[in-house]
Structure formats: structure tokens, C-alpha cells
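Protein chains in written order, with this note's numbering: chain B, 1 to 115; chain Z, 1001 to 1321. Using N, Cα and C, we set each Cβ at its ideal position, and we do this for glycine too. Contents: one structure, followed by commentary.
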Amino acid sequence: MSELENQFYNVYEVFSKKTDKSPFQHQFSLLAPNADMALVMAKENFFRRETVADIWVVKRENIRGLTQGEREMLKRMDKNYRETKGYGYLKKKWRDYNQEQFTEKHIMGGREESR
Amino acid sequence: MQAGLRFEQLTNEEKHQHFMERINRGEKIEADDWMPDDYRTSLIRLISMHGISEIMGALPEKEWVPKAPSLHRKLAIMAKVQDEMGHGQLLLRVAEDLMAPLGKTREDIMQDLFSGKLKFHNVFHMEAPTWGDAGMIAWLVDGAAIISQSMMLDSSYGPYARALKRICAEEVFHAQHGESIILALAEGTPEQRELLQDSLNRWWTSLIMFFGPKSAKETGNSNADKNIMYKIRTKTNEELRQEFFTKYIPRIWALGLTIPDETIHFDDDTQMWIYQDVDWSEFKQIVSGNGPRSQDRLDLRRRSYDNNGWVREALAAQKAI
Chain B
1 MSELENQFYN VYEVFSKKTD KSPFQHQFSL LAPNADMALV MAKENFFRRE
51 TVADIWVVKR ENIRGLTQGE REMLKRMDKN YRETKGYGYL KKKWRDYNQE
101 QFTEKHIMGG REESR
Chain Z
1001 MQAGLRFEQL TNEEKHQHFM ERINRGEKIE ADDWMPDDYR TSLIRLISMH
1051 GISEIMGALP EKEWVPKAPS LHRKLAIMAK VQDEMGHGQL LLRVAEDLMA
1101 PLGKTREDIM QDLFSGKLKF HNVFHMEAPT WGDAGMIAWL VDGAAIISQS
1151 MMLDSSYGPY ARALKRICAE EVFHAQHGES IILALAEGTP EQRELLQDSL
1201 NRWWTSLIMF FGPKSAKETG NSNADKNIMY KIRTKTNEEL RQEFFTKYIP
1251 RIWALGLTIP DETIHFDDDT QMWIYQDVDW SEFKQIVSGN GPRSQDRLDL
1301 RRRSYDNNGW VREALAAQKA I
């Protein structure tokens, strides 16, 4: 049985959405021999109480995640140049020229940005 | 880490240093992250013991499903038994991912349980002969478990912390289910109050033992210190036991129950509860499989595993086609 069982179980990752409007969210993983059993186990393990609008089960081997090395690289990625907070130092510079830095509103031609 | 150097190219010492920096910053370690071998083995020991205790813990309560005093009580205790098995599933999954690099699976966990290599909580080796015990388990055993589990909600190991978050949310129901049984008995007939007092007498020593010995002196080894160093846990066994006393002793007394320890009192000078320590060699005996119900419950687990073997075989055959 042992050898058989080792090949028998697959790890499935379980995702679900709470309501029709919410995005899918990772819940946890489980062991199951096939996708149908994985769905049964998912309901049993994670939705005894919680309401749920939809469930996905995905075989873990079909997910390409980042390696630890790749995750470490993300931490070192500086994206400030893509955002206004990367340009905060301009305020002081303009003061040296007796000028106020334009706010977002000024740059947008005086219109409030619609959100 | 040196700038520009890829993580995979670090030496083991550098990886170890990077690992310690991460946990000291409060970062969470994931299953596929590099980790020191003794961090991995500590986690496997802790989490497989925790997971299997959830499953073995469902057994004394399961005995009360057919005997519950009303339909409502039967539904509630069934829900609790179901939760405990669910918690076992979550925790075994966390342990399995840690064991995978060692070539081990759930089957190994089960076999280690059957052979006695893998231990489970002392409380689940004990008898639960009355309905008062069903209440006492849910109120005080789960109460003790909540104290030790909530301490680890911020554990350095991410998957364990996430599993505990799900588990603790359900433990609140368990504690209230226990309070409901206890209060009904406490407000009942003299016989019911006596039943409750007997149950407390029966469980008190096991509850003291639940948190484990104060230090390595009592049982010869202590994994608690290493687990604190690795931020898997944050408090010592004794700190947790004292928290348990502070939380529950006033309530036990408020119900007019007597704690079977004449020496127990709160010492204002040391701000600690003084209590009669237990015989830790007895604790060792119990968790080694020599408690009053250890072998019965292991047999039940073995039988259930064997009896359900046909389901696994049928599904495996279907898979092979």
C-alpha cells in the first residue's frame, strides 16, 4: 500500500471566492487522488462554516511559482522612479529657486483627478 | 547579502546568516525557502505532533457523539469532532511539505504514530467516562490549547502561522461549546454538580502536564529553547501554564468548584501562581503510550485506517485506468 499511496496522492492548492464580486484567494493545500476528490476535501476542510461562491483546485505541480532566489530579487527591485514618491526631493530643489513644486492637481491642469 | 550576488550562489553559512536576519526582521519562512536542518526537524517534530494530536483528540470526544444528552448537544459535538479532524488535515499538510525533501509522506506519519515513535498530547491518552468530561475537554483542554496556539500565530514559519489562524478561529466555537456544557451542569442538580467536580478532579493533573515541564530538568530534554530561538514560539511552557491559571482559575472558583490542589494560590510577591507540581516521570509514561486509554485509541485509529483502506485502493485503481 505504501508505494501505491506515495504515487496516489497529489498536492492540490485550493482557491476560493467568498462572494460573486470578490477575487479568488488562496486558502490552503490538501492531498487528494484526483480533482473531484480534491473539491470534496476542500469543502470538507475549509468551508464547513464560511460562505463560498466558487472553488478552484489546482494541482501544485502545474503552478510555476518563484524560487527563493527570484523572490529575493523582487525585494531589491526599486520602482520609485515609476511613482510620485520617487520625486519628493524636487520640492526642496524648487524652493531654492523660490518656486513651489506643482502638486498633482496643478500638473493635471488644475483638475482634480477622478478616482 | 552582497549586492548582485544571486541567492543560490551563497554558501551555507551565508544562507544561515541571511535566514536568521530574516526571522529577526519578522519575515516569514515558506516551505520552499532555504532553512537550517534543525529548524526543519524542530518544525516537523512540533507540527506532526500537533496534527496527530488533533486527530487523536477527536477520539475521546467522538465517544460522546452517540451518548450526547440532546439532539442539539449531539450536533454541536459532532461539529467539534469534524473541526478537530479538519485541523489535523491542515497541520499534516504543513508537516508533509517540510518532510518532502527527506522523502517522507503522510504514510510515514501514520506509521510512526502506530509504532509509537510519533507522540501525541498527554490529555488524549486519558479516559472521558462522563458527559462532564466532554465539557471539561472543550472548556479547559481546548482553553489550554488556545493559549499555546495563539502564542504561535506569529510563528516564523508562514504555513504554520496560516494554519493556526484558521484553527484558532474555530477554537472560539469549541471553547464556547465547552462553557455551555459546563454552565448547564454547574447550574443543574446536585448530581450534575458532583459529576462536574469529579471531572475536574480527573483532568487537573493532565491540564498541568499539558504545557510540558518547566525546563529540561524534569524530562531530560527540552525543545522549547530552540523553538524560541528560531521564533517558532515566543513563550516558555511555564509562562503559558501561568497564563492558563490566571485565565481559568477565577472562573473555576466562581462556579463553586474546588481545584484538587490545596496549595494553589496566587503569590503577590512573585506575581506567580504557586501550585503542586506533577510527577513528570508519569507524564513521560503517558506520552510513551502507557496512559489509561493510549492503546485503545491507537487501536481505534489503526482499525479505522485499515477499514478505510478499500477506499484508497478503489480510488487508486480508478486512477491507474
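Subject >> Contact under 8 Å by Cβ, Z/I1232 with Z/S1155 >> reply: Numbered from 1 along the second sequence, position 232 holds the residue referred to as residue 1232 of chain Z. Numbered from 1 along the second sequence, position 155 holds the residue referred to as residue 1155 of chain Z. In this structure, Z/S1155 lies closer than 8 Å to Z/I1232 by Cβ.
Subject >> For Z/F1007, three-class secondary structure by DSSP >> reply: Numbered from its first residue, the second sequence carries residue 1007 of chain Z at position 7. In this structure, Z/F1007 counts as helix in the three-state DSSP scheme.
Original post:
What residue does the alpha helix (DSSP H) around B/T10 start on, and which one ends it?
Top reply: On the first sequence, residue 10 of chain B is found 10 positions in, with the first residue counted as 1. Strictly speaking, residue 10 of chain B in this sequence is Asn, with Thr absent from that position. Unbroken run through B/N10 is the beta strand (DSSP E), N10 to K17; no alpha helix (DSSP H).
Subject >> For B/K59, the residue or residues it bridges with in DSSP >> reply: Numbered from its first residue, the first sequence carries residue 59 of chain B at position 59. The beta-bridge partner set that DSSP reports for B/K59 consists of B/Y12.
Original post:
Since Z/M1209 contacts Z/F1283 with CB under 8 Å, what's their CB separation in whole angstroms?
Top reply: Numbered from its first residue, the second sequence carries residue 1209 of chain Z at position 209. Numbered from its first residue, the second sequence carries residue 1283 of chain Z at position 283. Yes, they are in contact, since the Cβ atoms of Z/M1209 and Z/F1283 sit about 5 Å apart, within 8 Å.
Original post:
In angstroms, rounded to a whole number, what distance separates the CA positions of Z/C1168 and Z/Q1149?
Top reply: Counting from one through the second sequence, the residue named residue 1168 of chain Z turns up at place 168. Counting from one through the second sequence, the residue named residue 1149 of chain Z turns up at place 149. Spanning the two alpha carbons is a distance of roughly 7 Å.
Subject >> Helix, strand or coil at Z/F1325 according to DSSP, with G and I counted as helix >> reply: What is shown of chain Z runs 1001 to 1321, which leaves residue 1325 of chain Z out entirely.
Original post:
Using a beta-carbon distance below 8 Å, is Z/E1191 in contact with chain B?
Top reply: The residue given as residue 1191 of chain Z occupies position 191 in the second sequence. So no, Z/E1191 is outside the interface.
**OP:** Can you tell me which of the three DSSP states Z/H1125 falls into?
**Re:** Here residue 1125 of chain Z corresponds to residue number 125 of the second sequence, with the count starting at 1. Three-state result, Z/H1125: helix.
Original post:
Do the region 1088-1103 of chain Z and the region 1004-1020 of chain Z meet, that is, are 3 or more Cβ pairs less than 8 Å apart?
Top reply: no
Subject >> CB of Z/I1044 within 8 Å of CB of Z/W1064, strictly >> reply: Translated into the one-based positions of the second sequence, residue 1044 of chain Z becomes position 44. Translated into the one-based positions of the second sequence, residue 1064 of chain Z becomes position 64. Contact: no.
Subject >> Residues of the region 1003-1034 of chain Z whose Cβ lies closer than 7 Å to any Cβ of chain B, in chain order >> reply: Cβ contacts with chain B come from R1006, F1007, E1008, D1032, D1033 and W1034.
**OP:** Give the DSSP bridge partners of Z/Y1157, in chain order.
**Re:** As a working mapping, residue 1157 of chain Z is identified with position 157 in the second sequence. By DSSP's assignment, Z/Y1157 forms a beta bridge with Z/I1029.
**OP:** State buried or exposed for Z/I1274, treating a residue as buried only when at least 16 other CB atoms are found within 10 Å of its CB.
**Re:** Position 274 of the second sequence holds residue 1274 of chain Z. Under this definition Z/I1274 is an exposed residue.
Original post:
Under a Cβ-count criterion, where at least 16 other Cβ atoms within 10 Å of its own Cβ denotes burial, should B/N98 be classed as buried or exposed?
Top reply: If you number the first sequence from 1, residue 98 of chain B lands on position 98. Exposed.
Subject >> Opening and closing residue of the beta strand (DSSP E) in which B/Q27 lies >> reply: Counting from 1 along the first sequence, the entry for residue 27 of chain B is found at position 27. Unbroken beta strand (DSSP E) run through B/Q27: Q25 to A32.
**OP:** Taking only beta carbons into account, state which residues of the region 59-92 of chain B come closer than 7 Å to chain Z, listed in chain order.
**Re:** Q68, G69 and E72
**OP:** Closer than 8 Å, Cβ to Cβ, to anything on chain Z: give me those residues from the region 25-38 of chain B, in chain order.
**Re:** F28, S29, L30, L31, P33, N34 and M37
Subject >> Classification of Z/K1247 by the beta-carbon crowding that lies within 10 angstroms, buried from 16 upward >> reply: For the purposes of this step, residue 1247 of chain Z is identified with residue 247 of the second sequence, where counting begins at 1. Exposed: under 16 other Cβ atoms inside 10 Å.
Subject >> Min CB distance Z/A1316 to chain B below 8 Å >> reply: Walking along the second sequence from the start, residue 1316 of chain Z turns up at place 316. So yes, Z/A1316 belongs to the interface.
Original post:
Closest by CA to Z/G1026, which one among Z/T1234, Z/E1243, Z/P1036 and Z/Q1271?
Top reply: As a position in the second sequence, residue 1026 of chain Z is number 26, starting the count at 1. Residue Z/T1234 is the option with its Cα nearest to Z/G1026.
Original post:
Are the C-beta of Z/Q1089 and some C-beta of chain B separated by less than 8 Å?
Top reply: By 1-based counting over the second sequence, the position of residue 1089 of chain Z is 89. At least one chain B Cβ lies under 8 Å of Z/Q1089.
Original post:
Does the beta carbon of B/E44 come closer than 8 Å to any beta carbon on chain Z?
Top reply: In the first sequence, counting from the first residue as 1, residue 44 of chain B sits at position 44. By this cut-off, B/E44 is an interface position.
**OP:** Use the C-beta contact count for Z/K1080: other C-beta atoms within 10 angstroms, 16 or more gives buried, fewer gives exposed.
**Re:** The sequence position of residue 1080 of chain Z within the second sequence is 80, counting from 1. Buried, by the Cβ-count rule.
Original post:
With respect to the alpha helix (DSSP H) encompassing Z/I1208, which residues constitute its N-terminal and C-terminal limits?
Top reply: As a position in the second sequence, residue 1208 of chain Z is number 208, starting the count at 1. Here the alpha helix (DSSP H) through Z/I1208 covers P1190 to F1210.
**OP:** With 8 Å as the limit, tell me which residues of the region 1074-1087 of chain Z have their beta carbon closer than that to any beta carbon of chain B; keep them in chain order.
**Re:** A1079, Q1082, D1083 and G1086
Original post:
Hey, does Z/R1106 have any beta-carbon neighbour from chain B nearer than 8 Å?
Top reply: By 1-based counting over the second sequence, the position of residue 1106 of chain Z is 106. It does; some Cβ of chain B falls within 8 Å.
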